[in-house]
Amino acid sequence: DLFDELGATDEQMDFPVVYASGIQGKAGLEEDELGEDMTPLFQTIVDIVQPPNVDLDGPFQMQVSNLDYNSFQGAIAIGRVTRGRLSSNSQVKVASEDGEISNARILQIFGYNGLDRVEMPYAQAGDIVCLTGIERPRISDTVCSPEAVEPLKALAVDEPTVSMVFNVNDSPFAGKVGKYVTSRQIQDRLNTELIKNVALRVEPLGGAFKVSGRGELHLSVLLETMRREGYELAVSR
Numbered sequence: 148d149l150f151d152e153l154g155a156t157d158e159q160m161d162f163p164v165v166y167a168s169g170i171q172g173k174a175g176l177e178e179d180e181l182g183e184d185m186t187p188l189f190q191t192i193v194d195i196v197q198p199p200n201v202d203l204d205g206p207f208q209m210q211v212s213n214l215d216y217n218s219f220q221g222a223i224a225i226g227r228v229t230r231g232r233l234s235s236n237s238q239v240k241v242a243s244e245d246g247e248i249s250n251a252r253i254l255q256i257f258g259y260n261g262l263d264r265v266e267m268p269y270a271q272a273g274d275i276v277c278l279t280g281i282e283r284p285r286i287s288d289t290v291c292s293p294e295a296v297e298p299l300k301a302l303a304v305d306e307p308t309v310s311m312v313f314n315v316n317d318s319p320f321a322g323k324v325g326k327y328v329t330s331r332q333i334q335d336r337l338n339t340e341l342i343k344n345v346a347l348r349v350e351p352l353g354g355a356f357k358v359s360g361r362g363e364l365h366l367s368v369l370l371e372t373m374r375r376e377g378y379e380l381a382v383s384r
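Under my numbering, the first residue of the sequence shown carries the number 148, and numbering increases by one thereafter.
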């Protein structure tokens with residue numbers, strides 16, 4: 148009914164239905180006949196979902212669609228390989244949307260096993276992987292084989308819609324909850340967040356910071372993450 152109300156086409160309305168219980172770890176094609184495991188769900192995915200439209204034999208190409216960072220590996224470029232194959236310690240070219248081309252050596256390649264990130268000896272077309280070794284990756288950068296530098300069309304990133312001001316907590320209860328309380332510590336944390344949170348904007352305002360994001364939820368997640376990490380600050384609109 149929902150699909151019909153949203154104006155779905157006949158082709159979109161003709162979709163398979165799989166009944167599943169995550170708690171029981173069972174799935175089935177009939178509501179009252181679940182199997183012993185999730186095989187019916189996985190088999191439906193294999194049968195219905197088309198494989199990625201990729202070129203396994205061409206020179207390597209991958210567009211950066213997400214970023215991550217940690218203090219041991221530095222910046223991490225995440226994306227789906229659209230062409231070719233890449234091994235660890237390979238030399239690559241990184242083409243940005245403004246036409247700049249730089250050299251890099253891929254140190255490590257990580258893939259996903261469920262929710263866990265695991266190191267891989269190589270990546271090939273169709274894989275979603277994380278690459279380390281690129282000094283300052285940016286969203287939309289294209290990681291290419293040195294023999295075929297072909298930047299892909301730039302990805303659009305939503306502009307911020309909501310702003311908040313992050314201040315040092317100067318209330319009578321300052322310093323009683325968090326361990327990172329100074330303006331410099333807050334600034335360093337926000338600068339680290341900017342590396343992987345591409346829709347975030349930070350503007351210094353003396354000892355405070357104007358932080359802009361895509362909505363209240365976007366900024367609320369950042370604030371809660373900082374709170375759990377031990378940061379203490381005051382926030383105003």
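We treat Cβ as the ideally placed atom computed from N, Cα and C, and that holds for glycine.
So the candidates are Leu-370, Asn-260, Asp-161 and Leu-341; which of them puts its Cα closest to the Cα of Ile-195? The residue labelled residue 195 in the question sits at position 48 within the sequence shown. The option with the nearest alpha carbon to Ile-195 is Asp-161.
So, for Val-296: in the same chain, excluding its five sequence neighbours on each side, which residues have a beta-carbon less than 7 Å away from its beta-carbon? Position 149 of the sequence shown holds residue 296. Taking C-beta separations shorter than 7 Å and ignoring five residues to either side along the sequence, the partners of Val-296 in its chain run Lys-240, Ala-242 and Ile-248, following chain order.
Buried or exposed for Thr-289, going by 16 or more other Cβ atoms inside 10 Å? On the sequence shown, position 142 is the one that residue 289 refers to. Counting Cβ neighbours within 10 Å, Thr-289 comes out buried, since at least 16 surround it.
Hey, how far is the Cα of Ala-346 from the Cα of Leu-149? For this step, residue 346 is matched to residue 199 along the sequence shown. For this step, residue 149 is matched to residue 2 along the sequence shown. Whole-angstrom Cα-Cα distance: 31 Å.
Based on DSSP bridge pairs, tell me the residues matched to Gly-258. Your numbering for residue 258 matches position 111 in the sequence shown. In the DSSP assignment, Gly-258 is bridged to Val-265.
Of the residues Ala-174, Ile-225, Gly-154 and Val-349, the one placed nearest Asn-314, counting alpha carbons only: By one-based count along the sequence shown, residue 314 stands at place 167. When each option's Cα is compared against that of Asn-314, the closest is Val-349.
Got a sec, what are the start and stop residues for the alpha helix (DSSP H) Thr-440 sits in? No information on residue 440 is available, as it lies outside the stretch 148 to 384 that the chain covers here.
Taking only three categories from DSSP, how would you classify Phe-313? Indexing the sequence shown from 1 puts residue 313 at position 166. In the three-state reduction of the DSSP assignment, Phe-313 falls in the strand class, which pools E and B.
Using 8 Å as the Cβ pair cut-off and three pairs as the minimum, do the region 349 to 364 and the region 309 to 323 touch? With a cut-off of 8 Å, the region 309 to 323 and the region 349 to 364 count as touching, because enough Cβ pairs lie within range.
Applying the criterion that 16 or more other CB atoms from any shown protein chain within 10 Å of the CB defines a buried residue, is Glu-371 buried or exposed? As a working note, residue 371 is residue 224 in the sequence shown. Counting Cβ neighbours within 10 Å, Glu-371 comes out exposed, since fewer than 16 surround it.
In this structure, does DSSP put Arg-252 in helix, strand or coil? Translated into the one-based positions of the sequence shown, residue 252 becomes position 105. Three-state DSSP puts Arg-252 in a strand.
Three-way DSSP call (helix, strand, coil) for Ile-195 in this model: As a first step, residue 195 is located in the sequence shown; it is residue number 48 there, counting from the start. Ile-195: helix per DSSP, three-state reduction.
Indicate whether Ala-108 and Ser-287 have their beta-carbon atoms separated by less than 8 Å. The displayed coordinates of the chain run from 148 to 384. Any statement about residue 108 would go beyond what the structure contains.
Beta-carbon proximity check, Phe-207 vs Ser-330, cutoff 8 Å: Here residue 207 refers to the residue found at position 60 of the sequence shown. Here residue 330 refers to the residue found at position 183 of the sequence shown. Between Phe-207 and Ser-330, the gap from beta carbon to beta carbon reaches 8 Å or more.
According to DSSP, residues forming a beta bridge with Arg-227: Sequence index remark: in the sequence shown, residue 227 carries index 80 (1-based). Paired residue(s): Ile-275.
What residue does the beta strand (DSSP E) around Val-368 start on, and which one ends it? Position 221 of the sequence shown, counted from the first residue, corresponds to residue 368. Per DSSP, Val-368 belongs to no beta strand (DSSP E); it is in the alpha helix (DSSP H), 363 to 375.
In this structure, what does DSSP give as the bridge partners for Pro-351? Translated into the one-based positions of the sequence shown, residue 351 becomes position 204. Answer is Phe-356.
Per-residue DSSP class, three states only, for Asp-204: Locating residue 204 in the sequence shown gives position 57, where the first residue counts as 1. Asp-204: coil per DSSP, three-state reduction.
Euclidean distance between Cα positions of Ala-167 and Asp-179: As a position in the sequence shown, residue 167 is number 20, starting the count at 1. As a position in the sequence shown, residue 179 is number 32, starting the count at 1. Inter-residue distance for Ala-167 and Asp-179 is about 10 Å (C-alpha atoms, whole angstroms).
Taking Ala-381 as the reference, give the member of Pro-351, Thr-339, Gly-322 and Asn-316 with the closest Cα. For this step, residue 381 is matched to residue 234 along the sequence shown. Looking at Pro-351, Thr-339, Gly-322 and Asn-316, the one whose alpha-carbon comes closest to that of Ala-381 is Asn-316.
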